[in-house]
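Numbering (my numbering), first residue to last: 2 to 305.
All residues carry an ideal CB built from backbone N, CA and C; glycine is no exception.
No experiment lies behind these values; they were computed from the predicted model shown.
Report on the structure given below.
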Amino acid sequence: MTTTKLSASTQRSRVNDMRRVEESLGMLAPRWSAWTLLTLKETGPQRPLDIRKALPMPSAPVLSARLSSLTDAGLVERRVANGRLVTYGLSIRGRQVIPALDALAGWAQRHPLDGDDAPVAYAERIEEALLQLGGRHTAAVLWTLRERGQVRVGDLHQAVAPKLSLATMSLKLTQIAQDGLIERMADNQLAPYRLSAIAADLAEPFALLSAWAAGRAPKGNVTHPVWNPAPAKTQPAQRSNGSNKPTRPATVCATTAAPVPAAHNRNAPPAPARQLQPAPWGAQLFSHAGTPRPAATSAGSRAR
């Protein structure tokens, strides 16, 4: 499968874009980060004790560490009143990332984990999505397959992490495949990989994360050159010299990612990007707060 050759500057821009998104996923992925951000979005600034009461946190030190890391990342603001009353609230950047978290929740709801029939809290779905996507090199693998279509293991190794050993990269790809995000084109070890329909449906979350990571405030249907290209534009009809007949309109197409075939299983084809709807805060966020899933030891360990 061939793809449009990109200029060096365009390629550097896309690599930087991918790295920013990968870093953002890593920042948001630690357990309880999404819970904390969504709680502060719902309640406004709170004392640590009140935040802990609203969350299924295992201990005060864990909450303290999470608030500290989110503050260092610029997503949460720490305020002190009267010299001793400490509260934490969302910063501007913290509020701006909420649409991307909402999109991740929608994606996780459309593609639940295998055997997962129990109700899942809104923030828990986001935590699961971040755990699955936030592993090192995961976003880069998905990015490369989105751009190139079908890619063999050796080429993925060189494109994503050439400093890793080939054996380590092969293991990483096996883990991502077990999570249902990529699949082989045939049932043999030499077949190239491609995105699954589940991963192709990440267009909206990744487009929103890209815009946020670049310092913008994403809203609505955000276009992205790799994940959600702008629609093709058509130029007005031009008249040819010496003729009264208009020439055929010229179509100017944006650089598009390689198409992803539909998966041959229960997964539906990727849904088109949609207008974001307000998140159903309240009951869905906290209804199952008392029984969160135990934290997984590492990303790439859960099959969809």
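DSSP lists L86 as the bridge partner or partners of A82. According to DSSP, N229 shares a beta bridge with H225. Looking at the DSSP output, V152 bridges to Y194. It is roughly 19 angstroms from the alpha-carbon of R195 to the alpha-carbon of W108.
Looking at the DSSP output, R185 sits in a beta bridge with Y194. Distance between R80 and V227, taken at the CA atoms: about 40 angstroms. Between T139 and V87, the alpha-carbon positions lie close to 37 angstroms from each other.
Approximately 6 angstroms separates the beta-carbon atoms of L91 and K42; this is inside 8 angstroms, confirming the contact. Between the region 48 to 64 and the region 21 to 38, the count of C-beta pairs closer than 8 angstroms reaches three or more; the two stretches touch. L91 carries a strand assignment under DSSP once its states are collapsed to helix, strand and coil. In this structure Q133 is not in contact with D202, their Cβ atoms being roughly 13 angstroms apart against a cut-off of 8 angstroms.
Contact between S25 and W213 holds: their C-beta atoms lie close to 7 angstroms from each other, under 8 angstroms.
Under the three-state reduction of DSSP, V77 is assigned to strand. For K173, the enclosing alpha helix (DSSP H) stretches over residues 167 to 179. Counted as a single uninterrupted DSSP element, the alpha helix (DSSP H) harbouring W108 occupies residues 99 to 111. The C-beta separation of L102 from L39 comes to about 7 angstroms, placing the pair in contact by the 8 angstroms criterion. V223 has its alpha-carbon roughly 9 angstroms from the corresponding atom of A231.
Setting aside the 5 residues that flank it on each side, E23 is surrounded in the same chain by A140, A141, each with a C-beta closer than 7 angstroms to its C-beta; the list follows chain order.
C-alpha of W36 to C-alpha of A9: approximately 40 angstroms in a straight line. Around the Cβ of Q176, a 10 Å sphere holds 16 or more other Cβ atoms; the residue is buried. It is roughly 15 angstroms from the alpha-carbon of G27 to the alpha-carbon of N17. Cα atoms of G84 and L71: separation of roughly 22 angstroms, rounded to the nearest angstrom. Spatial neighbours of A124 in its own chain (CB-CB distance under 7 angstroms, excluding positions within 5 residues in sequence) are listed in chain order as A35, W36, L39, L286. The alpha-carbon of R217 is positioned some 15 angstroms away from that of E205.
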